[in-house]
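Once you know that position 167 of the sequence shown is 260 in the numbering used here, the rest is easy, because the numbers rise by one and skip nothing.
From the three backbone atoms N, C-alpha and C, an ideal C-beta is built for every residue, glycine too.
The structure appears right after this line, and notes come after that.
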Amino acid sequence: MGVSTRSLYFTGPRDLEIRDESLREPGPEDIVVVALVSGISAGTELNVFRGLAPQWRQHMDPATRLFLDGGSDWKWPARYGYAMVGRVERVGASVTDCKEGEFVFAYAPHGTHAVLPAKAVVPLGDLGDAEIGIFFANLNTAYNGVLDANIPLGADVVVSGLGVIGQLVVRLLRRNGARTVIGVDGIDLRRELALAGGADHVLVPGADKVAETVRQLTEGRGADVVIEVSGAAPALNEAIRTAGYNGTVVAMSWYGGTFESLSLSGEFHHNRPRIISSQVGNVNPFLGPLWSTARRGAIAREFMDAYSADLKGFVTHRVPLDEAARGYRLLDQGSPEVMQVLIDYRL
Numbered sequence: 094m095g096v097s098t099r100s101l102y103f104t105g106p107r108d109l110e111i112r113d114e115s116l117r118e119p120g121p122e123d124i125v126v127v128a129l130v131s132g133i134s135a136g137t138e139l140n141v142f143r144g145l146a147p148q149w150r151q152h153m154d155p156a157t158r159l160f161l162d163g164g165s166d167w168k169w170p171a172r173y174g175y176a177m178v179g180r181v182e183r184v185g186a187s188v189t190d191c192k193e194g195e196f197v198f199a200y201a202p203h204g205t206h207a208v209l210p211a212k213a214v215v216p217l218g219d220l221g222d223a224e225i226g227i228f229f230a231n232l233n234t235a236y237n238g239v240l241d242a243n244i245p246l247g248a249d250v251v252v253s254g255l256g257v258i259g260q261l262v263v264r265l266l267r268r269n270g271a272r273t274v275i276g277v278d279g280i281d282l283r284r285e286l287a288l289a290g291g292a293d294h295v296l297v298p299g300a301d302k303v304a305e306t307v308r309q310l311t312e313g314r315g316a317d318v319v320i321e322v323s324g325a326a327p328a329l330n331e332a333i334r335t336a337g338y339n340g341t342v343v344a345m346s347w348y349g350g351t352f353e354s355l356s357l358s359g360e361f362h363h364n365r366p367r368i369i370s371s372q373v374g375n376v377n378p379f380l381g382p383l384w385s386t387a388r389r390g391a392i393a394r395e396f397m398d399a400y401s402a403d404l405k406g407f408v409t410h411r412v413p414l415d416e417a418a419r420g421y422r423l424l425d426q427g428s429p430e431v432m433q434v435l436i437d438y439r440l
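Here's what the structure looks like:
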């Protein structure tokens with residue numbers, strides 16, 4: 094009889110269930126991780142949870158990298174999640190670089206166990222706190238966005254959307270030597286956290302006329318770079334308006350739904366901004382061959398130590414696996430007191 098495990102499944106848009114099942118037997122190069130905590134992503138994962146990800150209705154052709162109609166890559170029910178921290182419980186016969194009891198991060202779906210290749214996990218060493226460890230994926234994403242932006246020393250930068258990724262971007266911009274960092278978000282808690290993390294100014298979208306106010310703060314120029322992290326179509330419109338002439342907009346979000354409101358006629362056409370898609374699967378090609386996802390990950394792991402107090406403070410809610418639906422609802426409803434929600438397998 095196999096080992097029993099409990100797994101979270103998305104069974105339809107905004108629906109999930111917890112299933113008891115047998116854990117598959119690990120292969121010779123696999124390990125078994127016993128989960129301590131896993132983080133629910135408020136961006137990409139919510140698009141999957143809501144049924145908005147294109148993979149639910151289209152197939153991505155690996156040869157052309159086009160999303161095509163006539164099939165889908167994902168089917169309900171499906172497992173998802175990519176921010177698990179746990180302990181290695183078993184190692185396969187061929188595994189030499191991972192030991193039982195080791196503390197690791199894993200890009201693994203939510204559940205009490207994960208079976209995956211040993212080379213796929215990230216050792217966390219003496220980090221100690223599992224709740225800080227779940228931010229490894231977020232740090233990679235935020236750092237990748239800053240690398241994609243290629244920001245010069247002394248730049249004036251706007252961060253649109255101050256959730257967990259936006260908060261990390263603010264802190265990395267300050268470390269990277271931005272002259273002015275301006276955060277934009279409609280939620281009081283997020284603006285306060287951004288100020289504490291190094292933002293010089295924070296603005297409320299709509300109420301503060303972001304594009305106009307940024308020009309007042311930058312001697313009329315507008316932002317050198319706007320990093321858009323909110324995932325909202327109106328925010329991308331405003332990011333285009335906020336960038337100065339020949340400025341850059343970095344679109345970090347995985348935008349869900351449709352873009353009927355996207356405007357490419359006014360500022361986009363006349364002010365010549367560049368829009369860069371930042372996706373964490375690879376690094377900025379203009380950095381050259383010395384840079385890789387492995388190098389980026391190693392530096393992100395160092396940032397985890399540098400920002401450990403902030404990361405711990407981002408965790409606002411912890412739910413046991415049986416109450417995971419409550420955690421998703423908190424994020425889905427945009428509750429203003431919510432930052433990072435954890436599924437805590439210790440509860």
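Cβ pair residue i, residue j closer than 8 Å
i           : j           : result
residue 187 : residue 122 : yes
residue 176 : residue 230 : yes
residue 371 : residue 342 : no
residue 263 : residue 292 : yes
residue 120 : residue 185 : yes
residue 209 : residue 235 : no
residue 126 : residue 207 : yes
residue 106 : residue 144 : yes
residue 332 : residue 319 : yes
residue 183 : residue 227 : no
residue 290 : residue 403 : yes
residue 109 : residue 421 : yes
Element boundaries [alpha helix (DSSP H), containing residue i]
i           : result
residue 178 : Run containing residue 178: none in the alpha helix (DSSP H); it sits in the beta strand (DSSP E), 177-184.
residue 424 : 417-425
residue 276 : Note, residue 276: premise wrong, no alpha helix (DSSP H); beta strand (DSSP E) at 273-277.
residue 284 : 281-289
residue 156 : Where residue 156 is concerned, there is no enclosing alpha helix (DSSP H), given that its DSSP letter is neither H nor E.
residue 409 : Looking at the DSSP string, residue 409 is not in any alpha helix (DSSP H); the run it does join, the beta strand (DSSP E), is 408-412.
residue 207 : Unbroken run through residue 207 is the beta strand (DSSP E), 206-210; no alpha helix (DSSP H).
Given residue i as reference, the closest of the options once Cα atoms are compared
i           : options            : result
residue 433 : 426, 152, 411      : 411
residue 134 : 347, 355, 406, 360 : 347
residue 111 : 100, 104, 105, 120 : 100
residue 193 : 179, 201, 146, 430 : 179
residue 249 : 305, 243, 277, 317 : 317
residue 269 : 159, 378, 244, 416 : 244
residue 181 : 214, 158, 160      : 214
residue 311 : 416, 272, 255      : 272
residue 239 : 406, 403, 258      : 258
residue 255 : 280, 267, 232, 390 : 280
residue 305 : 196, 367, 360, 288 : 360
residue 429 : 247, 153, 284      : 284
residue 148 : 156, 159, 167      : 167
Same chain, Cβ closer than 7 Å to residue i, neighbours up to 5 away in sequence not counted
i           : result
residue 94  : Bear in mind that the predicted position of residue 94 carries a pLDDT of just 49, short of 50, making it too unreliable to give a figure here.
residue 162 : 151
residue 113 : 97, 99
residue 307 : 251, 275, 315, 316, 335
residue 439 : 129
residue 173 : 103, 138, 141, 202
residue 216 : 195, 197
residue 190 : 211
residue 424 : 133, 135, 139, 431, 434
residue 169 : 103, 104, 105
residue 232 : 261, 393, 396, 397
residue 267 : 274, 291
residue 157 : none
Own chain, CB closer than 8 Å to residue i, minus 5 neighbours either side, in chain order
i           : result
residue 354 : 326, 327, 330
residue 369 : 241, 242, 341, 342, 343, 344
residue 349 : 139, 140, 143, 145, 146, 324
residue 313 : none
residue 375 : 386
residue 405 : 222, 224, 225
6 Å Cβ shell around residue i - same chain, five flanking residues per side excluded
i           : result
residue 146 : 140
residue 364 : 338
residue 427 : none
residue 219 : none
residue 356 : 330
residue 277 : 253, 296, 298, 303
Span of the beta strand (DSSP E), counted from its first residue to its last, around residue i
i           : result
residue 105 : 97-105
residue 437 : 433-437
residue 199 : 196-199
Neighbour flag for residue i against chain D, beta carbons, 8 Å
i           : result
residue 407 : Absence of chain D from the displayed structure is noted, only one protein chain being present.
As an exercise, report each continuous alpha helix (DSSP H) stretch of at least 4 residues that is fully enclosed by the region 112-152, in chain order. 137-142
Any beta strand (DSSP E) of 3 or more consecutive residues that is wholly inside the region 303-378: 316-321, 336-344, 367-370
Start-end ranges of the beta strand (DSSP E) lying completely within the region 226-271, minimum 3 residues: 249-253
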